[in-house]
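Okay, so here's the structure we're looking at.
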């Protein structure tokens, strides 16, 4: 007797052999990949820190160079502190690289370079700080010189004016009398000398003050020295002119100002010496910046050497990895060949031992899959194939039972189909009924507005009759111009009545459910036109904007507005019967987050909580019998929901009602 698991045992043995061969391959390749991983890890652990250090040096070095330049060129204390803070953050990052394995062989030299770089930046900071202090002192000194110049001009101008006046009087007298006395000639000479000395002193002092104020703006040492030479020569002239004016008491203030200018020019902190010192500090900063760049270059040179060494090691490691990969590839090829041979052997065995027996079973199963019942399969042996044949016979028997059950299900399915058809017919009937109710609600609204509409037509007809009579009279009297005017009036009245008829026809007809961008202002105007005299303009205030639009159907949206305005008018009319007040209906529209909120509020009689909770129920109304169907708010609610919007109502008895419609903005 054959064992139950004989085929499984043989297949298991074949696949066990296949697994052993695959395991040997995996074991062999695992050693290769382990070596590959260790080499890659060594490459990452040794070379990657060098590359990272190089990147950090490049970034930090560029930052230090830029900030050092900003430090040297800082024009304010704020800019100086900002550049110093950036450098204070960058230098520690550069110093941290001293402990990196990338530069372990040059750590001492790298530390020395970082130290020199720190000293270099400290000297630049000291020079710039001193330069800013000098610039501040120069600014204060320029202000002092400016005020001295103003004081000098204020003092010397009256003196020169008085001297010129005296000279003009003497010259006028000489022109009138043709002669002057010796004293007058002496006075004229003295006045002329004083005038010359004052004008020359004014010119020289202004020249010195201008040079002193502009000295801080010179960026060339030669320009500063040239200015100093001119100032020294001019000071000698000023000193002589001041001495020549000593005998004139009126010039004492002018001479004091000249003395102050000379003291500021020759003092220890004069503008010339400060400008020279500032230029010297700028030159020192330029030298220190050059040194800074050289030090950064030396730091980069150390890193570049480490990178070159890392590249050499990376090349050697890469070649070793390539050799390992080639060896693993050859092992993979041999293993795959062995697996293919063993697989072919397994396939041949399975074909000869299993497929012939399985073909009968599969043939029977295909017929079963098509729903064709088959005779029972003969079972030989007790292995897996025989178990499958036995299971197929069971499926065959179960298929017979399934076929019987299927016939019953098909009968039930036909019954359900008939029920679905009946439900769809009922649903279609309900939809038609709803459309008829909507149309009835429209006609009910039009019926409520009949008196106003009749008035709207009776007035034009009376006007037409009157103007026709007058036109006939004017024609008889041969006043054709006046007759023509009356005919034009009749034409305008007729067009107005035609537009109202067309509007009523459009409102009353059935419309489709398509939505499109719809102007709120236009639809609201059309709705209000239907109320004619029932809705005085004084009652209504509108704030909807000129271009605000929503995604809706214009006729159905107009029906919503007509229903809500009709309710507001009824609420106000009911309150007017008991209370004297000013009727008011407020209509607003605002856009918010892609939606438009339309608010219609009135100060009518309002509703209690019971009415609010039932307001959207079909056929619910608080009006008397014959004044309403109770469908207006229910239809309004359904239309707004069809538009994908929402409607809410808040009301207080004897105070009013507010209805808010929220629709998608177009």
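Numbering (UniProt numbering), first residue to last: 1 to 666.
All C-beta atoms in this analysis are idealised placements derived from N, C-alpha and C, irrespective of residue type, glycine included.
Of all C-beta pairs linking the region 558–572 to the region 533–541, three or more are shorter than 8 Å, placing the two stretches in contact. In the DSSP assignment, residue 260 falls outside any beta strand (DSSP E) and within the unbroken alpha helix (DSSP H) covering 252–266. Comparing C-alpha distances from residue 543 to each of 278, 601 and 119 shows the shortest one belongs to 601. A Cβ-Cβ distance of about 20 Å is found for the pair residue 282 and residue 78, leaving them out of contact under the 8 Å criterion. Taking residue 231 as reference, the option from 246, 258 and 392 with the minimal CA-CA separation is 258.
Looking only at 254, 336, 226 and 285, the smallest Cα-Cα distance to residue 20 is reached by 336.
For residue 234, the enclosing alpha helix (DSSP H) stretches over residues 221–244. CA-CA distance, residue 488 to residue 654, rounds to 49 Å. The shortest C-alpha to C-alpha distance from residue 164 to any of 68, 195 and 189 is the one to 195.
In this structure, residue 293 sits away from residue 28, with a CB-CB distance that is not shorter than 8 Å.
Under the DSSP definition of a beta bridge, residue 568 lacks any partner. The count of Cβ pairs closer than 8 Å, one atom from the region 132–141 and one from the region 68–84, reaches three, so the stretches are in contact. A distance below 8 Å separates the beta carbons of residue 242 and residue 201. With contacts defined as CB atoms closer than 8 Å, residue 145 and residue 94 fail to qualify as a contacting pair. Residue burial is scored here from C-beta neighbours: residue 275 has at least 16 other C-beta atoms within 10 angstroms and is therefore classed as buried. Assignment of beta strand (DSSP E) within the region 575–614, counting only whole runs of 3 or more residues, yields 585–592 and 595–602 in chain order. If the five residues before and after residue 86 are omitted, its C-beta is found closer than 6 Å to the C-beta atoms of 67, all from its own chain and listed in chain order. Shown here, residue 536 sits in coil according to DSSP, grouped into three states, outside any helix or strand. About 15 Å separates the beta carbon of residue 541 from that of residue 520, a gap too long to meet the 8 Å contact definition.
The three-state reading of DSSP puts residue 653 in coil, since its state is none of H, G, I, E or B. Assignment of beta-bridge partners to residue 665 by DSSP yields 550. Exclusion of the five residues before and after residue 591 leaves 548 and 665 as the residues of its chain whose Cβ lies within less than 7 Å of its Cβ.
Less than 8 Å separates the beta-carbon of residue 271 from that of residue 212. Per DSSP, the continuous alpha helix (DSSP H) segment holding residue 85 begins and ends at 77–96. A residue is called buried once 16 or more other Cβ atoms fall within 10 Å of its Cβ, and residue 556 is buried on that count.
At a Cβ-Cβ threshold of 8 Å, residue 645 and residue 631 do not count as neighbours. In the three-state scheme derived from DSSP, where H, G and I count as helix and E and B as strand, residue 494 is classed as helix. Judged by beta-carbon spacing, residue 518 lies within the 8 Å limit of residue 552, meaning their Cβ atoms are closer than that value. When 605, 635, 577 and 583 are compared, the shortest CA-CA separation from residue 558 is found for 635. In the three-state DSSP reduction, residue 517 falls in the strand class (E or B). Here DSSP, grouped into helix, strand and coil, assigns residue 202 to helix. Taking the CA atoms as reference points, residue 30 sits about 43 Å from residue 362.
With a 10 Å radius around the Cβ and a threshold of 16 neighbouring Cβ atoms, residue 115 comes out exposed. Residue 267 and residue 154 have their C-alpha atoms spaced approximately 25 Å apart. One thing to note: residue 251 has its Cβ within 8 Å of the Cβ of residue 159. A Cβ-Cβ contact shorter than 8 Å links residue 245 with residue 197.
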